[in-house]
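Residue numbers (our numbering), protein chains in the order written: chain P, 9 to 376; chain S, 76 to 248.
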Amino acid sequence: LHLGVTPAILRERYNMTEADVGSAQNNSQAVAQFLEQYYHPADLAEFMGMFGRGFQHQSQVARVVGTQGAGKAGLEASLDVEYIMSTGANISTWFFTNPGRHESQEPFLQWMVLLSNMSDLPWVHTVSYGDDEDSLSAAYMARINAEFMKAGVRGISLLFASGDSGAGCKHQDKGQNCFRPSFPASSPYVTTVGGTSFKNPFKMSYEVTDYISGGGFSNVFEMPEYQVSAVKAYLKSVTESLPPQSYFNTSGRAYPDMAALSDNYWVVSNRVPIPWVSGTSASTPVVGGMLSLINDQRLLQGLPPLGFLNPRLYRLQGQALFDVTEGCHLSCLDEQVQGKGFCAARSWDPVTGWGTPDYPALLAALRS
Amino acid sequence: SGYLEFDQDVLIPEDWTDVGRLDPSEELQLTFALKQQNVALLEETLRLVSDPDSPQYGKHLSLQEVASLVRPSELTQKAVRGWLQSHGITRCLAVLTQDFLQCSMTAAVAEALLPGSRFHRYVRDGVSSVRSSAPYQVHDDLHQHLDFVGGLHRLPPRGRDAGGSRRRSLAAG
């Protein structure tokens, strides 16, 4: 029994031992914030004091890129930094803060420009940000996608939260609604992380889908080769429970790629421990920290970092991940789908991807 | 002139309040995304360095190598810089890959540079952003040299603290 998700609960659920902490010299990880979100060092220290027992960890961010504003800490920033440093324990962590120095700057674009101008960057970046695909221009998304490629070829892993609105919904004229994918989650060149809950929220039980977990099919990006067979298998296996085809684009990039717990977290923000914090912005740094640990082991062996993970992740065919097969996520509240989006299934699905990490197995699979 | 981003979304979310058009002398910064070279090769390189079955797996590129791959052509760099200079815009910073250019200018110059644009200040929860209330165009000659211009649309989304937080009741237990 437990009272919510803490680092100890995550490490136990994902089979991480006391020894699973970072030790390589040339490893680092990062979280990025875009909304005048700042973390407070005292919150991080308090969080680690309360919840960081039982594993070696760092209690300070190694580097802040950008200028932290004054005033209150943001819940999002606190969550991200506290949890990437809990699974990616003892790994040097950077905090990118991108409020936009000028009113006319776009914070997310500023971050992309920054990545394009820094030769030494952390190997893993987690980002909890997204916009509806249909609110962005195709030219903008295509170019940002090229920026993700630029990061990928450099060996940088970019992880994005899949969103907290399930399949989403775009209300259209004449009641013909459709699902609403989110970008950058829908980019074929990032790893997108969905969310799960414990079957019993206060027990170390198995995981089911978190109904908010973002997922679906891009209307902009074609389905990349690496996921074609997995997605086709899903579409074939669940024909009866699939939403009507008018709601989604079966040939688009399907997401998420994997998932982790996203419900019922404890976060310390402004010196106050806050329970019941939820969302895929919780699961994303958790997965990011684990990938950093795997990078750590690879770097110690003289191997290159994981880089863009998806081709290798899909090659695993679910090996080393806990398959999540129960539950559906939300979507349009209309007569046709009645709030139900996609449902989890065996192997890959557009709610939890391939499932959640079994850390030692994933390490074994990705270390060589 | 024509639209670079033909599907620009100029709808301002309801939670942002328009507090008026920018004074023509007010400064703003725009980001110009210059057309890159070899994007298809970049994509193929990414596939090779990420595919565990490829002999290239893990052979990642340095930032310098990426820059050599995607750096906009001389023609593109010249055309964009010439265009900016012809409007008196000289305060620009380029990134190492030369595919982004960030320039400072007054609102009046920006509106002349990008026909159609009208810069307004929008405020939400004490945070202000400057964006265009109308779609922008660029001269046809520039279309082949630019992907988009940043700083005209795409207001920051609402953060978790401001209402996005999802907390659940204990009822599930």
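The beta-carbon is built from N, C-alpha and C at its ideal position, and this holds for glycine as well. From a predicted model like this one, the values you see are computed outputs, not experimental measurements.
In chain P, which residues lie with their C-beta within 7 Å of the C-beta of residue i?
i, result
"His-135(S)", "Val-161, Arg-162, Gly-163, Pro-312 and Gly-315"
"Leu-188(S)", "Ordered by position in chain P, no residue passes the 7 Å Cβ test against Leu-188(S), which lies about 13 Å from the chain."
"Leu-159(S)", "In chain order: nothing, as chain P lies at least about 16 Å away."
"Gln-131(S)", "Under the 7 Å cutoff, chain P gives no residues; its nearest Cβ is about 10 Å from Gln-131(S)."
For a test of the three-state rule: what should DSSP assign to residue i, helix, strand or coil?
i, result
"Gly-202(P)", "strand"
"Ser-100(P)", "strand"
"Leu-321(P)", "helix"
"Glu-186(S)", "helix"
"Pro-196(P)", "coil"
"Trp-158(S)", "helix"
"Asp-236(S)", "Residue placement at Asp-236(S) cannot be trusted, given a pLDDT of 43 that sits under 50; what the coordinates show is reported in the next sentence. Helix at Asp-236(S)."
"Thr-95(P)", "helix"
"Gly-296(P)", "helix"
"Asp-142(P)", "helix"
"Asp-82(S)", "coil"
"Pro-88(S)", "coil"
"Gln-305(P)", "helix"
"Ser-100(S)", "coil"
"Ser-289(P)", "helix"
"Leu-374(P)", "helix"
"Val-121(P)", "helix"
"Gly-95(S)", "strand"
Quick test of your reading: residue i and residue j, contact by CB under 8 Å. State the CB separation rounded to the nearest angstrom.
i, j, result
"Pro-296(P)", "Pro-264(P)", "Looking at the sequence shown, residue 296(P) is not Pro but Gly. That pair is no contact at about 14 Å."
"Ser-270(P)", "Ser-190(P)", "15 Å between Cβ atoms; not a contact."
"Leu-374(P)", "Arg-320(P)", "7 Å"
"His-228(S)", "Val-85(S)", "7 Å"
"Trp-131(P)", "Pro-313(P)", "4 Å"
"Phe-187(P)", "Tyr-255(P)", "5 Å"
"Ala-70(P)", "Ser-100(P)", "4 Å"
"Ala-209(S)", "Arg-193(S)", "5 Å"
Can you pull the chain S residues whose beta carbon is under 8 Å from the beta carbon of residue i, in chain order?
i, result
"Glu-1(P)", "The structure shown does not extend to residue 1(P), since chain P is modelled only from 9 through 376, so no value can be given for it."
"Leu-144(P)", "Asp-84 and Arg-229"
Applying a beta-carbon distance threshold of less than 8 Å, which residues of chain P neighbour residue i?
i, result
"Ser-203(S)", "Glu-111"
"Ser-125(S)", "Gly-160, Gly-315, Phe-316, Leu-317, Asn-318, Pro-319 and Arg-320"
"Leu-22(S)", "No answer is possible for residue 22(S): it lies beyond the span of chain S, which begins at 76 and ends at 248."
"Leu-103(S)", "His-110, Glu-111 and Ser-112"
"Leu-121(S)", "Met-157, Gly-160, Val-161, Tyr-197 and Phe-316"
Taking Cβ-Cβ distances shorter than 9 Å, what residues in chain P pair up with residue i?
i, result
"Asp-215(S)", "Those within 9 Å of Asp-215(S) in chain P number zero; the least Cβ separation is about 15 Å."
"Arg-196(S)", "Glu-111"
"Thr-172(S)", "Ser-124, Asn-125 and Lys-158"
"Gln-111(S)", "Arg-151, Ala-154 and Lys-158"
Would you mind stating whether residue i and residue j have Cβ atoms separated by less than 9 Å?
i, j, result
"Ser-76(S)", "His-162(S)", "no"
"Gly-96(P)", "Ser-277(P)", "no"
"Tyr-22(P)", "Thr-364(P)", "yes"
"Asp-331(P)", "Val-246(P)", "no"
"Asn-98(P)", "Leu-307(P)", "no"
"Ala-262(P)", "Ser-291(P)", "no"
"Ala-238(P)", "Trp-362(P)", "yes"
"Phe-104(P)", "Asn-153(P)", "no"
"Ala-16(P)", "Phe-59(P)", "yes"
"Thr-199(P)", "Leu-250(P)", "no"
"Ser-204(S)", "Gly-191(S)", "no"
"Gly-335(P)", "Asp-172(P)", "no"
"Ala-267(P)", "Val-201(P)", "yes"
"Pro-192(P)", "Gly-138(P)", "yes"
"Val-135(P)", "Val-89(P)", "no"
List the residues of chain S that residue i touches, going by C-beta distances under 7 Å, in chain order.
i, result
"Tyr-148(P)", "Glu-80 and Phe-223"
"Phe-42(P)", "Pro-231"
Note down, in chain order, every chain S residue with its Cβ under 9 Å from the Cβ of residue i.
i, result
"Leu-117(P)", "Thr-106, Ala-108, Phe-175, Gly-225, Gly-226 and Arg-229"
"Val-246(P)", "In chain order: nothing, as chain S lies at least about 26 Å away."
- Which full runs of the alpha helix (DSSP H) of 4+ residues lie inside the segment 113 to 154 of chain S, going along the chain? 114 to 125 and 138 to 145
- Query: What beta strand (DSSP E) runs, 3 residues minimum, are completely inside the segment 30 to 82 of chain P?
  - Reply: 36 to 41 and 71 to 73
- Message: Which runs of the alpha helix (DSSP H) at least 4 residues long sit entirely within the segment 200 to 252 of chain P? Give them in chain order.
- Response: 236 to 245
- beta strand (DSSP E) runs contained entirely in the segment 196 to 220 of chain S, provided each spans 3 or more residues: 202 to 207
- Query: Which runs of the beta strand (DSSP E), 3 residues or longer, sit entirely within the segment 124 to 178 of chain P?
  - Reply: 132 to 135 and 165 to 169
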